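S.K.:
Numbering (our numbering), first residue to last: 26 to 131.
1. If you reduce the DSSP assignment to three classes, tell me which class residue 42 lands in.
2. Alpha carbon to alpha carbon, how far is residue 50 from residue 109? Give it in angstroms, no decimals.
3. Can you give me the Cβ contacts of residue 54 inside the same chain, cut-off strictly under 7 Å, excluding the 5 residues immediately before and after it?
4. Going by DSSP in three states, residue 62 sits in which element: helix, strand or coil?
5. Based on Cα-Cα distance, which residue from 70, 57, 69, 81 lies nearest to residue 127?
6. Within its chain, find whatever has a CB closer than 7 Å to the CB of residue 46; leave out the 5 residues flanking it on each side and keep chain order.
7. Given this structure, state the Cα-to-Cα distance separating residue 101 from residue 81, to the nearest angstrom.
8. Return the Cβ separation of residue 83 and residue 71 in integer angstroms, given the expectation that the two are a contact with Cβ distance under 8 Å.
9. For residue 94 versus residue 124, is the C-beta spacing smaller than 8 Å?
10. For residue 86, does the count of other Cβ atoms within 10 angstroms reach 16, so buried, or fall short, so exposed?
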């Protein structure tokens, strides 16, 4: 009986260690990345071609991404923590520092 309880407790202990709890900054970084996916895709497509760039679609995607990010209601300290985690969670957006600062501007 005692052995069974010890095995059960050790199983529960080790099964919980495999879960990687996400911090608030990680969740925010993933949300910001999701908000800007369409914009990043359109920017990448525009960079690959010289003609027929749909600037209107890019502008609409930018406004949509900015609205989505503003709805996250990040505080200044949340933004700093999110920006620190962003290179791991969304390297494409983290590489676009100027775009990121425009998206995060209030």
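Ideal Cβ positions, reconstructed from N, Cα and C, are used throughout, including at glycine.
Please read these numbers as outputs of a predicted model, since none were measured by experiment.
M.R.: In this structure, then:
1. Taking the first residue of the chain shown as position 1, residue 42 is located at position 17. Because residue 42 carries a pLDDT of 45, less than 50, the predicted location of this residue cannot be relied on, and no value is offered for it.
2. Taking the first residue of the chain shown as position 1, residue 109 is located at position 84. Taking the first residue of the chain shown as position 1, residue 50 is located at position 25. Note on geometry: alpha-carbon atoms of residue 109 and residue 50 lie some 8 Å from one another.
3. The residue labelled residue 54 in the question sits at position 29 within the chain shown. Here the set comprises 107, 110, 111, 114, 115.
4. Against the chain shown, residue 62 aligns to sequence position 37. Helix.
5. If you number the chain shown from 1, residue 127 lands on position 102. Comparing alpha carbon positions, the residue from 70, 57, 69, 81 closest to residue 127 is 57.
6. Locating residue 46 in the chain shown gives position 21, where the first residue counts as 1. A caution first: residue 46 carries a pLDDT of 48, below 50, which makes its placement in the model too unreliable to give a value.
7. Residue numbering aside, residue 101 sits at position 76 when the chain shown is read from its first letter. Residue numbering aside, residue 81 sits at position 56 when the chain shown is read from its first letter. Cα to Cα, residue 101 sits roughly 31 Å from residue 81.
8. Counted from its first residue, the chain shown places residue 83 at position 58. Counted from its first residue, the chain shown places residue 71 at position 46. 6 Å between Cβ atoms; contact.
9. For this step, residue 94 is matched to residue 69 along the chain shown. For this step, residue 124 is matched to residue 99 along the chain shown. Residue 124 sits away from residue 94, with the two beta carbons spaced by 8 Å or more.
10. By 1-based counting over the chain shown, the position of residue 86 is 61. It is buried - the Cβ of residue 86 has at least 16 other Cβ atoms within 10 Å.
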